[in-house]
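The structure appears below as structure tokens.
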Amino acid sequence: MKLFNRSTVLLLLFAILLAACGAPEAPAAAEAPAAESESQTEEMGTTEDYLNASREETVILDRTSPLQGSDNWNPYVRGSAVGWGYTEFSDVLTLLNYGSGEIENWLAESLTPNEDHSVWTLKLREGITWQDGTPFTADDIIFSTELQMNNDALGQHFAYQEWIESVEKVDDLTVIYNLKKPNVRFKLERFSDNICGVDYFVPKHIWEDVEDPATFKNFDLEKGLPMGTGPYKLAKITENETIWVRNDNWWAAEIGLKKLPEPKKLVMSYTGTEEVRLATAIEDDYDGLHDITFGSFQALVAQNPNWIAFQDEMPFVWPDPCARSLTVNNSIEPWNDKDMRWVLNYVMDRQQIIDIAYEGTSIMGPYPFPLYPSMQKFADLVPAETIAKFTQPNVAAAEEILLSKGYEKSGDYWEKDGEELSLEIQVYEGISELERVADVFAEQLQRFGINAVKVNLIGGTWVEYLDTGNYETQSGWQTCGSIVEPWNTLRTLRADEVPPQGERHQLPHSNRFRWHNAEFTELVDQISELGWDDPLLFELTARALEIYYDEIPAIPTAQSKKLVPFNTTYWTNWPTIDNYYQRPVIWCPSFVGILPEIESTSK
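Read in order, the letters of the sequence shown are residues 178 to 780 in my numbering.
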């Protein structure tokens with residue numbers, strides 16, 4: 178099964194990720210200073226100057242849901258507003274470049290393991306400063322790590338408890354991570370934004386005086402909070418906007434590592450539904466959009482040809498690593514019965530989902546992970562006869578299961594003991610891809626005789642219901658994780674036990690499917706300690722996938738795509754298939770890699 182026609186060419190780049198993500202790093206930056214740009218040579222501006230920057234000096238980015246928790250910018254707690262710029266405009270320790278397959282060093286000069294990957298040594302670059310001018314050192318790394326290790330209400334506490342024995346300072350620029358067990362994925366997983374996330378570091382000189390870091394909101398614009406080391410700092414918040422101004426003293430530009438970005442102001446803005454977002458984009462009031470439908474993209478470029486996509490021809494998309502699935506709550510009746518989950522699978526017409534929901538811009542998804550070339554060897558572990566059950570609907574098989582369970586078709590719907598068989602599919606409002614998938618599948622279920630309804634929820638509620646088990650099914654991506662090896666996806670289904678309804682799963686394992694299989698969990702734990710070239714990895718993965726495809730605790734639906742247009746009216750040099758210097762998304766830490774590269778059209 179080939180992925181996205183022309184995109185197959187770009188995805189071949191992922192074949193080198195297997196080597197790139199183990200230990201090798203991108204070559205060190207040259208010592209010579211980077212070429213000065215106009216923004217580096219012009220006189221530094223004040224916050225007020227940059228708040229008043231012209232449209233030509235501003236980048237406006239799209240958000241798909243309203244701003245919530247705008248006074249909370251604590252990166253270590255749930256419900257904060259960090260996804261409104263803090264995540265996207267902050268520096269990272271290292272950064273996985275999807276285009277080259279290399280892990281590039283940013284804050285880190287190097288991050289290297291010992292022979293068995295149980296000890297990792299981090300060396301920071303010289304000259305890094307916080308936005309108030311205070312040096313960024315090993316003390317900040319150790320403070321941030323131990324803060325989370327010692328407080329179960331914070332960030333990565335449970336992951337650190339599982340993996341990190343201790344962190345120790347060698348000197349101001351060197352930290353040693355002593356792990357509890359070997360972890361070949363440590364750099365990729367924790368610090369490189371492999372799947373839209375990194376571990377955050379906070380300034381010790383500010384946070385060490387905080388009485389309760391779990392309730393600290395990290396928000397005081399006059400004091401420079403939230404404070405990072407990145408090229409932009411938060412300057413203003415409105416009802417559904419966050420406004421960021423350029424940090425002209427950005428350390429990376431000072432030492433010649435990166436060019437100072439040209440935009441003086443960045444705006445994150447929510448305007449409403451996809452129709453409203455589209456109208457806003459047509460008027461040049463956005464420079465970058467979240468994922469939109471193919472039909473919307475056609476309408477956009479017809480009325481404003483300055484908008485471009487990642488590919489300049491059909492299907493126009495960037496292949497996203499998070500395969501789509503129907504997230505099933507395996508702890509509630511009747512879906513705690515695997516046979517009933519098979520009913521849902523047999524009814525699902527995936528090709529129709531591709532044709533209607535994706536308008537032909539994706540492919541069917543019979544796997545819980547992306548069909549990148551780097552994952553093909555693991556996809557090949559699944560027998561063809563198994564995959565065939567996920568590529569064609571089999572309504573007769575679904576009916577046979579229901580009849581064997583005592584269901585009868587009465588009128589439009591199947592019933593048992595006088596109770597109609599129904600299904601609720603919850604959707605993250607504003608993510609049009611997932612809404613459309615749910616619409617098509619709900620209609621398929623209705624035709625078959627299951628009274629399915631789609632329910633839209635705002636993002637925070639959708640996640641809360643997912644975490645606490647307050648759902649039957651969701652249109653989602655919760656098996657997301659793997660891009661070069663199987664563990665990161667398999668671990669999403671790992672569980673020692675299923676928590677009571679209404680309670681969250683015990684971190685660091687977040688099995689939101691509420692499914693427990695002891696053998697599967699043991700296999701995943703064994704896989705976690707294996708290198709990618711270990712023959713045992715394939716043996717254990719084959720068995721884990723055999724269990725998964727028998728139980729189907731999550732039902733794969735489609736390979737994901739992102740149609741993420743950029744506007745060239747004011748800014749050019751956005752990432753494309755022919756200029757793939759960074760992944761083309763505006764909602765992940767990798768966006769900081771785009772900022773120094775885009776160029777003004779008004780120069």
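Yeah, the Cβ is synthetic: ideal placement off N, Cα and C, and Gly gets one too.
Nonlocal neighbours in the same chain, by C-beta distance under 7 angstroms from residue i, ignoring five residues either side
{"i": "Leu722", "result": "Leu558 and Val559"}
{"i": "Ile724", "result": "Asn694, Glu696 and Phe697"}
{"i": "Ala476", "result": "Leu455"}
{"i": "Val259", "result": "Trp250 and Pro252"}
{"i": "Leu579", "result": "Val520 and Trp591"}
{"i": "Pro210", "result": "Unreliable placement is indicated for Pro210, whose pLDDT of 42 sits below 50; the coordinate value is still reported in the next sentence. Closer than 7 angstroms at Cβ, skipping near neighbours: Gly433."}
For residue j and residue i, the rounded distance between their alpha carbons
{"i": "Lys836", "j": "Gln703", "result": "Here the chain has residues from 178 to 780 only, and residue 836 is not among them."}
{"i": "Ser214", "j": "Glu439", "result": "Confidence is the limiting factor: at Ser214 the pLDDT is only 45, short of 50, which leaves the residue's position unreliable, though a coordinate-based value still follows. Their Cα atoms are separated by approximately 8 angstroms."}
{"i": "Trp751", "j": "Thr241", "result": "21 angstroms"}
{"i": "Glu649", "j": "Leu270", "result": "39 angstroms"}
{"i": "Pro312", "j": "Glu366", "result": "26 angstroms"}
{"i": "Leu350", "j": "Ser287", "result": "11 angstroms"}
{"i": "Pro761", "j": "Asp589", "result": "45 angstroms"}
{"i": "Lys593", "j": "Glu585", "result": "6 angstroms"}
{"i": "Ile771", "j": "Gly583", "result": "57 angstroms"}
{"i": "Glu564", "j": "Trp654", "result": "Note on residue identity: the sequence assigns Ile, not Glu, to residue 564. Spanning the two alpha carbons is a distance of roughly 19 angstroms."}
{"i": "Tyr758", "j": "Ile280", "result": "12 angstroms"}
{"i": "Thr314", "j": "Asp376", "result": "16 angstroms"}
{"i": "Glu452", "j": "Pro730", "result": "35 angstroms"}
{"i": "Glu234", "j": "Gln623", "result": "51 angstroms"}
{"i": "Gln787", "j": "Gly542", "result": "Since the displayed the chain opens at 178 and closes at 780, residue 787 lies outside it and no answer follows."}
{"i": "Phe662", "j": "Asn688", "result": "It should be noted that the sequence gives Glu, not Phe, for residue 662. So the two alpha carbons sit approximately 19 angstroms from each other."}
{"i": "Lys394", "j": "Ile485", "result": "38 angstroms"}
{"i": "Ala573", "j": "Trp512", "result": "19 angstroms"}
Integer Cβ distance of residue i from residue j, believed to fall under 8 angstroms
{"i": "Lys400", "j": "Arg423", "result": "Going by Cβ atoms, the distance from Lys400 to Arg423 rounds to 19 angstroms, so no, they are not a contact pair."}
{"i": "His294", "j": "Pro359", "result": "4 angstroms"}
{"i": "Thr306", "j": "Thr406", "result": "7 angstroms"}
{"i": "Ser502", "j": "Ile732", "result": "6 angstroms"}
{"i": "Phe396", "j": "Ser321", "result": "Incorrect: roughly 18 angstroms between the Cβ atoms, too far for contact."}
{"i": "Tyr263", "j": "Gln325", "result": "Incorrect: roughly 17 angstroms between the Cβ atoms, too far for contact."}
{"i": "Asn657", "j": "Ile459", "result": "At residue 657 the sequence reads Cys, which differs from the Asn that was named. About 32 angstroms; that fails the 8 angstroms criterion."}
{"i": "Val617", "j": "Gln528", "result": "Contact flag wrong, Cβ pair sits at about 11 angstroms."}
{"i": "Ser539", "j": "Ala735", "result": "5 angstroms"}
{"i": "Phe567", "j": "Pro742", "result": "So it is not a contact: roughly 31 angstroms between Cβ atoms."}
{"i": "Lys739", "j": "Asp468", "result": "5 angstroms"}
{"i": "Phe487", "j": "Val494", "result": "6 angstroms"}
{"i": "Ser737", "j": "Ala556", "result": "Not quite, the Cβ-Cβ distance comes to about 15 angstroms (not below 8 angstroms), so this is no contact."}
Close beta carbons around residue i, own chain, < 6 angstroms, minus the five adjacent residues each side
{"i": "Ala719", "result": "Leu558"}
{"i": "Leu443", "result": "Val236, Tyr409 and Trp421"}
{"i": "Leu238", "result": "Met445, Gly465 and Ile763"}
{"i": "Tyr463", "result": "Ile237, Asp239 and Thr457"}
{"i": "Phe768", "result": "Glu265"}
{"i": "Leu667", "result": "Val701 and Ala721"}
{"i": "Ala615", "result": "Ile602, Val604, Lys631 and Ser652"}
{"i": "Thr289", "result": "Thr298"}
{"i": "Glu612", "result": "Val604"}
{"i": "Asp268", "result": "Trp283, Leu284, Thr406 and Gly407"}
Own chain, CB closer than 8 angstroms to residue i, minus 5 neighbours either side, in chain order
{"i": "Ala285", "result": "Leu270, Thr271, Leu299, Lys300, Leu301, Arg302 and Phe368"}
{"i": "Pro243", "result": "Asn417, Tyr447 and Ile635"}
{"i": "Asn483", "result": "Asp461, Asn744, Thr745 and Thr746"}
{"i": "Glu776", "result": "Glu439, Trp748, Thr749 and Asn750"}
### Query
Which ranges does the beta strand (DSSP E) cover as unbroken runs of at least 3 residues, wholly within the segment 399-431, from first to last along the chain?
409-415 and 418-423
### Message
Pairs of beta-carbons, one from the segment 491-508 and one from the segment 690-702, closer than 8 angstroms: are there three or more?
### Response
yes
#### Entry: the segment 585-605 contacting the segment 624-635, beta-carbon criterion three pairs below 8 angstroms
yes
### Message
List, from N- to C-terminal side, the beta strand (DSSP E) runs of 3 residues or more that fit wholly inside the segment 713-744.
### Response
731-735
### Query
Below 8 angstroms, can you find three or more Cβ-Cβ pairs linking the segment 382-392 to the segment 333-353?
no
### Query
Which whole runs of the beta strand (DSSP E) in the segment 621-673 are 3 residues long or more, in chain order?
628-634 and 650-653
### Query
Mind pulling the alpha helix (DSSP H) runs of 4 or more residues that sit fully within the segment 237-267?
263-266
### Query
Quick one: any contact between the segment 426-434 and the segment 322-342, if contact means 3 or more CB pairs under 8 angstroms?
no
### Message
List, from N- to C-terminal side, the alpha helix (DSSP H) runs of 4 residues or more that fit wholly inside the segment 338-382.
### Response
363-368
#### Entry: Residue ranges of each alpha helix (DSSP H) within the segment 479-545, 4 or longer
515-524 and 527-533
### Every unbroken alpha helix (DSSP H) inside the segment 573-602 [4 residues or more]
none
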